[in-house]
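Q: One structure, pasted below without further comment.
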Amino acid sequence: IARELARINLPLSLYTEWYWQMDLKNMFHFLRLRMDSHAQWEIQEYGRAMASVVKAVCPLAYDSFERHMVNGARFSAEELAAIKTVMAGEPNPLEGRRLEEFEGKLNK
89 IARELARINL PLSLYTEWYW QMDLKNMFHF LRLRMDSHAQ WEIQEYGRAM ASVVKAVCPL
149 AYDSFERHMV NGARFSAEEL AAIKTVMAGE PNPLEGRRLE EFEGKLNK
């Protein structure tokens with residue numbers, strides 16, 4: 089019988105050890121989801137603990153991830169057009185909820 093199946097009948101108090109592998113792209117995606125403010129507190133803590141390990145192993149890649157994915161913002165095509173409009177000296181064409189979301193990204 090396989091270890092995975094035999095483990096089902098073990099009491100919960102027994103120690104279990106497991107290993108897993110992941111590439112950096114998927115690890116950063118995992119961290120971005122787990123460290124997001126919408127995740128449960130426990131999951132955020134798990135993400136932060138994992139992030140500290142990744143930061144120790146791949147400091148340059150983690151620094152880039154932090155600058156671009158964690159502290160960066162993604163803009164829609166409509167928001168990019170609004171940025172170009174404002175940079176041209178014209179008033180912001182966005183209104184209502186779209187404007188609130190846009191300003192929220194800028195004030196992040």
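In my numbering, the protein residues as written are 89 to 196.
Every residue, glycine too, gets a C-beta built ideally from N, C-alpha and C.
#1: Contact defined as beta carbons within less than 8 Å: I believe Gln132 pairs with Met138. What is the distance between those atoms, to the nearest angstrom?
#2: Look at the alpha carbon of Gln128 and the alpha carbon of Arg91, and state the distance between them as a whole number of angstroms.
#3: With burial defined as no fewer than 16 other Cβ atoms inside 10 Å of the residue's Cβ, what is the status of Phe163: buried or exposed?
#4: For Ala161, tell me which candidate among Tyr103, Lys196 and Phe118 has the shortest Cα-Cα distance.
#5: What does a CB cutoff of less than 6 Å around Val174 pick up in its chain, not counting 5 residues either side in sequence?
#6: Mark Leu194 as exposed unless 16 or more other C-beta atoms lie within 10 angstroms of its C-beta, in which case mark it buried.
#7: What does the Cβ neighbour count give for Tyr107, buried or exposed, with the cut at 16 atoms within 10 Å?
A: In this structure, then:
#1: About 11 Å separates the Cβ atoms of Gln132 and Met138, ruling out a contact at the 8 Å cut-off.
#2: Computed Cα separation, rounded: 31 Å.
#3: So Phe163 counts as exposed.
#4: Nearest of Tyr103, Lys196 and Phe118 to Ala161, Cα basis: Lys196.
#5: Taking C-beta separations shorter than 6 Å and ignoring five residues to either side along the sequence, the partners of Val174 in its chain run Asn180, following chain order.
#6: By the 16-neighbour rule on beta-carbons within 10 angstroms, Leu194 is exposed.
#7: Exposed: under 16 other Cβ atoms inside 10 Å.
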